[in-house]
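S.K.:
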Amino acid sequence: QGKSSRLSAALFGEDCEISHEQLFELLKYAALGKCHNATQPSWCHISHQSHLTGVVVIVLREVSQLHFYKFYLQFKHLRKVFRHRFTLTPSTNFLASLCGEGANLKPQNTAQGLNSTSGECLPRSSDLQRDPIIRKYGDKKRGLTSYTLTLEEQKKNDYPIKGSPGCKGYVYTECDKRRTDSSPLFGLDCEMCLTEKGNEVTRVSLVNAQGQCLLNELVKPESTVVNYRTRFSGITKKMLLPVKTRLSDIQTKLKKMLPRDAVLVGHSLNADLQALEMIHPSVIDTSLLFARNEGRRFKLKFLAKAVLGKEIQCEEKLGHDPAEDARAALELAQFFIEQGPAKVAELNLEMLLTTEKLAEISQNEAALQPQGCRVQKQLNESPHLPKPCFLDCLQVTGRKPLLLGRQELDSASLCQSNLSTSNKQILQRALEDVPLSTFSIIQFSLGQEYIACDPLAGLLEKVRSKLTDMLTIYAGPFEKNFCLKSVKKEFGRCGPIQSLTVVTETYQPYVCIQYEVLEAAQLAVENLNGTEVAGSFIKVQRPVTAAMLDCDVLIRELELDVENEGVIYVAGLKKSLTEMDLQEEFSQFKDLETLFLPKDLQSGKHRNCCFLKFQSPESAVDALEVINGWTTKGSKLRSRNALASGHLWRWIWQMNHSNGKQEGNMYYKKMEQLSDSEQDLRKKVKKLDHHIKKLYRSLQNNTLCIVLFPGVKSMHGSQSGLGLMGIKDDGGRSAC
Numbered sequence: 010q011g012k013s014s015r016l017s018a019a020l021f022g023e024d025c026e027i028s029h030e031q032l033f034e035l036l037k038y039a040a041l042g043k044c045h046n047a048t049q050p051s052w053c054h055i056s057h058q059s060h061l062t063g064v065v066v067i068v069l070r071e072v073s074q075l076h077f078y079k080f081y082l083q084f085k086h087l088r089k090v091f092r093h094r095f096t097l098t099p100s101t102n103f104l105a106s107l108c109g110e111g112a113n114l115k116p117q118n119t120a121q122g123l124n125s126t127s128g129e130c131l132p133r134s135s136d137l138q139r140d141p142i143i144r145k146y147g148d149k150k151r152g153l154t155s156y157t158l159t160l161e162e163q164k165k166n167d168y169p170i171k172g173s174p175g176c177k178g179y180v181y182t183e184c185d186k187r188r189t190d191s192s193p194l195f196g197l198d199c200e201m202c203l204t205e206k207g208n209e210v211t212r213v214s215l216v217n218a219q220g221q222c223l224l225n226e227l228v229k230p231e232s233t234v235v236n237y238r239t240r241f242s243g244i245t246k247k248m249l250l251p252v253k254t255r256l257s258d259i260q261t262k263l264k265k266m267l268p269r270d271a272v273l274v275g276h277s278l279n280a281d282l283q284a285l286e287m288i289h290p291s292v293i294d295t296s297l298l299f300a301r302n303e304g305r306r307f308k309l310k311f312l313a314k315a316v317l318g319k320e321i322q323c324e325e326k327l328g329h330d331p332a333e334d335a336r337a338a339l340e341l342a343q344f345f346i347e348q349g350p351a352k353v354a355e356l357n358l359e360m361l362l363t364t365e366k367l368a369e370i371s372q373n374e375a376a377l378q379p380q381g382c383r384v385q386k387q388l389n390e391s392p393h394l395p396k397p398c399f400l401d402c403l404q405v406t407g408r409k410p411l412l413l414g415r416q417e418l419d420s421a422s423l424c425q426s427n428l429s430t431s432n433k434q435i436l437q438r439a440l441e442d443v444p445l446s447t448f449s450i451i452q453f454s455l456g457q458e459y460i461a462c463d464p465l466a467g468l469l470e471k472v473r474s475k476l477t478d479m480l481t482i483y484a485g486p487f488e489k490n491f492c493l494k495s496v497k498k499e500f501g502r503c504g505p506i507q508s509l510t511v512v513t514e515t516y517q518p519y520v521c522i523q524y525e526v527l528e529a530a531q532l533a534v535e536n537l538n539g540t541e542v543a544g545s546f547i548k549v550q551r552p553v554t555a556a557m558l559d560c561d562v563l564i565r566e567l568e569l570d571v572e573n574e575g576v577i578y579v580a581g582l583k584k585s586l587t588e589m590d591l592q593e594e595f596s597q598f599k600d601l602e603t604l605f606l607p608k609d610l611q612s613g614k615h616r617n618c619c620f621l622k623f624q625s626p627e628s629a630v631d632a633l634e635v636i637n638g639w640t641t642k643g644s645k646l647r648s649r650n651a652l653a654s655g656h657l658w659r660w661i662w663q664m665n666h667s668n669g670k671q672e673g674n675m676y677y678k679k680m681e682q683l684s685d686s687e688q689d690l691r692k693k694v695k696k697l698d699h700h701i702k703k704l705y706r707s708l709q710n711n712t713l714c715i716v717l718f719p720g721v722k723s724m725h726g727s728q729s730g731l732g733l734m735g736i737k738d739d740g741g742r743s744a745c
C-alpha cells in the first residue's frame, strides 16, 4: 500500500490572502517535487509529494470570490469537498500568468525556418556561447555518432536497457554492430491506445534516411482498449476490428528490417521503445538533441515548423500520423548533423517559441476580453525576455501538461482558441484526457453572454446588502428609559459589535445591532430571544426581506461547510487576553489543532472572540459542551459551531469595511438587467458545480485538485479571486 499525500494549510485571517507567486510555488512543487529547485511552499505543506498521482487545476473564467458567496447554495459540491480556501489577487491576463508568462515582448511571426532574417531573432555571439546546444555539443560540426545517446543518458531518460530488471521479456533488435558516421538512420514513431494493461501500441511507422515509409501498420493490442485516444492516435474501434497483426509480429518485422548498425531516430523515442517492448542500443532522441535549459524539451510540432518550415499534427486531421512524425524527427536529426550545433543555435529557438506563445496569448486574450482590458500595449513596451514557462519544467520528465477549455495546451505552446467550446464538451474531453496527464488545467466559463454584460453589474451591492442583513439583529421592545449600556454589554458577549443604534420610529424603542461576524448574530438570535435584558423580555430577530427568506437554509449549510468542520466559535473573551493566555486556557481540550484570534485588520486590535479548530468533529462537540456557560478570567463564555472561520471571515471583514456607496452607484443602473437573468445564472452555476463534481469524482485518489475563481479586473472595477484546494482521498473528499 502506498502512502497517501496530505495537504495542510493554516489559512486564517490575513494568512488567507495568497499571491500568484505563492500559487505557482505550490503548483511547481506538487508537479515536480524537489526537481528544478522546487521546494515546499511557504504557506502550506504537502507530505509524501512523490505519491501524488496528478495535479488538476480547474479555472472558472471571469468569476470571483464574490460569485462564490453570492451563489453559495448553488456551489453545493465545492463547499462540501474543498477544505482549504484562499483569496487570490485578480489579474487581467490570468491564464498567461498561470503559465508563467509574466514578461512583455512584442509578438511577431514565429517559426520562420531557415529563411529567418529578423534581427530580433538572431542571438549575439556572447549569447550564443551560453546557448544550451553550444554548451552541450560545442560549436563544431560532428558526425552522427556524437549525437547518439550514451548508456547513462538512456538510463536517465527511461530507455529500455538490455539486462535491466524492468525489461524482462523485451525483444532485443540484435543491432550490435559498431556504429560509424556512415551508419543508416531510421525514423520510428508509434501511436498508442490506453488499455487495461496501460499504453499499448496500435500503430507503428518506420521510415528510411530518404524519407520512404518502410512500415506503417496497425497493431491489435493484447488487452481490452479502455480509451482509443482518437484525437491524438487517430485510432478508432472500427479501424482495429479487422486487424490480425500483434505486437510480436511487429517485433519480428522490425528485427528483420533493421541492419545491424542501424541508428533509430525519434522524438521521446523511449516511450515508443517501451510500448514496443524492444531494446535498441543506438538512438538519437530529437527531444534531447535540441537541448534547452533546465532539461525542458521542445515539442516535435514546434521544431518541425521552426527548423524545417513544415506543419505537422494539424488540428483538422484526425489524430497524429506516425509516418509524418517519424519523418519529421528523422529530418530534424539530419539537419542538426549536416548544419552543426552553431547553425542550430543561431535559429534562436527559445526566442521563437516565446514570441509564438506571447502572440497567441495576446490573440486569445483580445478575443475574450473587453476592449479596455487588452494587454497589447503592454506586450509592445518591454524588450526583456519572459521568465521560463512553469509548465515547460514538466518536459524534463517527458510529461505533457494538458489544458482544455477556450484554449488548448500540449506540452510547450498554446494552440488557437476554440470559442464555441461548451462546458459540456470541455467536461467530456476532460473525463477522457485528464487520466492520461499528470498535470492538467481545465477551464470552464459561465458563458460569453454573461461575461459580455459585465459580471460585477449589481452583484456587489446585492451581496453586501444581504451580508449586512445577516450580520444585523433587531432586539426589543424596551422600556423608554432603558439602559443602553446594559444592552450593549449583554449583546457584546455574543461577539464584536460594529454598530449599535436605537430605533425610535416604533411605539416602544428597539435596538439595531450589526455584528462583525456571523456567529455573533446567530448566537444573539439563539441565546437572547425571549430572555430578559435591561428589565424587558425581548424578541431578537434578523431583518425580514426577500433576500433573507433563505437565511436559515444558508446558516445550516454554512455549519455543514467542510471549511468549518471541527471548528467552534467562542465569544465573551476579555480583550486583555493574549493568544498565549488563550492557548494555556484551552490546552485541556483534546485534539486542539489551531487557535485563531481575530483582530481588526486596520488597527491590529484583538476582538473578544476566537475560533478553535480540532482534529476531529467529535472533539469539537465535546469542547462545545464544556465551554458553553464556562467562566474564564471572570468572563462568561458563549460558544457555537463556526459559520465563517477561515477565508469567509476575512472576506466579510473586507466587505464591511469597503466603500459601498461609490461602487453601488456604479452598478445600480445595471441591477435590473442582472435581476432579469439571475434565475438563469443560478441554473448555470448549479450546472457548473455539477460538472466539477463529475470531473472530481473521476480523478484518481491522491490527486491534488485546485479550483480557481481568478477574479475580475476591468475598467468597471475589480474583485479578488478565490482558490479552493485539497487532495482527493478514498472517500472522494479532499484530504487535509
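Residue numbering for the sequence shown follows the numbering used here, starting at 10 and increasing by one per position. Using N, Cα and C, we set each Cβ at its ideal position, and we do this for glycine too.
(1) Answer yes or no: do residue 653 and residue 617 have a C-beta to C-beta separation smaller than 8 Å?
(2) Going by DSSP, which residues form a beta bridge with residue 57?
(3) Helix, strand or coil, according to DSSP, for residue 545 in the structure here?
(4) Suppose the cutoff is 7 Å on Cβ atoms and the five residues either side in sequence are ignored; what does the same chain contact list for residue 729 look like?
(5) For residue 555, which three-state DSSP category applies?
(6) Just the Cα atoms here: how many angstroms apart are residue 320 and residue 362?
(7) In the structure shown, what three-state DSSP assignment does residue 485 receive?
(8) I'd like the ranges of any beta strand (DSSP E) spanning at least 3 consecutive residues and lying wholly in the region 252–339.
(9) So, helix, strand or coil for residue 566, using DSSP?
(10) Using the three-state DSSP reduction, which class does residue 449 fall into: helix, strand or coil?
(11) For residue 692, does the three-state DSSP call read helix, strand or coil?
(12) Please name the residue, chosen from 536, 211, 262 and 477, that lies closest to residue 241 on a Cα-to-Cα basis.
(13) Cβ atoms of residue 275 and residue 335: under 8 Å apart, would you say?
(14) Can you tell me whether residue 140 is buried or exposed? The criterion is at least 16 other CB atoms within 10 Å of its CB, across all chains shown.
(15) Could you check where the alpha helix (DSSP H) with residue 144 kicks off and where it finishes?
(16) Jot down the residue ranges of each uninterrupted alpha helix (DSSP H) in the region 574–624, minimum 4 residues, whole runs only, in chain order.
(17) State the DSSP-derived secondary structure class of residue 344, mapped to helix, strand or coil.
(18) Let's see if you can read the secondary structure: which residues bound the alpha helix (DSSP H) around residue 501?
(19) Starting from the C-beta of residue 157, find all residues in its chain whose C-beta is less than 8 Å away, skip the five residues before and the five after it, and write them out in chain order.
(20) For the alpha helix (DSSP H) containing residue 150, list its first residue and its last residue.
(21) So the alpha helix (DSSP H) residue 478 belongs to, where does it begin and stop?
(22) If you draw a straight line from the alpha carbon of residue 231 to that of residue 161, how long is it in whole angstroms?
(23) With which residues is residue 94 paired in a DSSP beta bridge?
(24) Considering only the alpha carbon of each residue, which of 490, 191, 413 and 166 lies closest to residue 442?
(25) Given this structure, state the Cα-to-Cα distance separating residue 81 from residue 568, to the nearest angstrom.
(26) Take every Cβ of the region 519–527, pair it with every Cβ of the region 467–484, and state whether three or more of those distances are shorter than 8 Å.
(27) Keeping to the same chain, check which residues put their C-beta closer than 8 Å to that of residue 604; ignore five residues upstream and five downstream.
(28) By DSSP, does residue 418 sit in helix, in strand, or in coil?
(29) Closest to residue 191 by CA distance: which of 199, 269 and 255 is it?
(30) Distance, Cα to Cα, residue 558 vs residue 645?
(31) Return helix, strand or coil for residue 177, following the three-state DSSP convention.
(32) Taking only three categories from DSSP, how would you classify residue 185?
(33) State yes or no: is the C-beta of residue 69 within less than 8 Å of the C-beta of residue 717?
(34) Measure the Cβ-Cβ separation of residue 661 and residue 532 and say whether it is below 8 Å.
(35) Please go through the same chain and pick out, in chain order, the residues whose beta-carbon is closer than 8 Å to the beta-carbon of residue 727, but skip the five residues on each side of it.
(36) Using CA coordinates, which residue listed in 355, 39, 444 and 733 is at the minimum distance from residue 61?
M.R.: Short version:
(1) no
(2) DSSP lists no partner for residue 57.
(3) strand
(4) 73, 74, 96, 97, 98, 99 and 720
(5) In this structure, DSSP gives residue 555 a helical state, which the three-state scheme calls helix.
(6) Roughly 15 Å separates the two Cα atoms.
(7) Note: residue 485 maps to strand in three-state DSSP.
(8) 272–275 and 292–294
(9) If DSSP states are grouped into helix, strand and coil, residue 566 belongs with the helices.
(10) strand
(11) Here DSSP, grouped into helix, strand and coil, assigns residue 692 to helix.
(12) 211
(13) yes
(14) buried
(15) 141–146
(16) For the region 574–624, whole alpha helix (DSSP H) runs of length 4 or above, ordered along the chain, are 588–594.
(17) Residue state, collapsed to three classes: helix.
(18) 493–501
(19) Here the set comprises 188, 272, 291, 292 and 293.
(20) Note, residue 150: premise wrong, no alpha helix (DSSP H); not H, not E.
(21) 468–480
(22) If I take the Cα positions, the gap works out to 32 Å.
(23) 733
(24) Measuring from the Cα of residue 442, the nearest candidate turns out to be 413.
(25) 13 Å
(26) yes
(27) Within the same chain, residue 604 has close Cβ partners 588, 591, 592, 595, 619, 620, 621 and 622.
(28) Unreliable positioning characterises residue 418 in this predicted model, as indicated by a pLDDT of 40, which lies under 50. A coordinate reading is not provided.
(29) With respect to the C-alpha of residue 191, the residue from 199, 269 and 255 having the closest C-alpha is 269.
(30) Cα-Cα distance, rounded: 33 Å.
(31) coil
(32) coil
(33) yes
(34) Judged by beta-carbon spacing, residue 532 lies beyond the 8 Å limit of residue 661, meaning their Cβ atoms are not closer than that value.
(35) If we look at residue 727 and ignore the five residues flanking it on each side, its Cβ neighbours are 99, 720 and 721.
(36) 39
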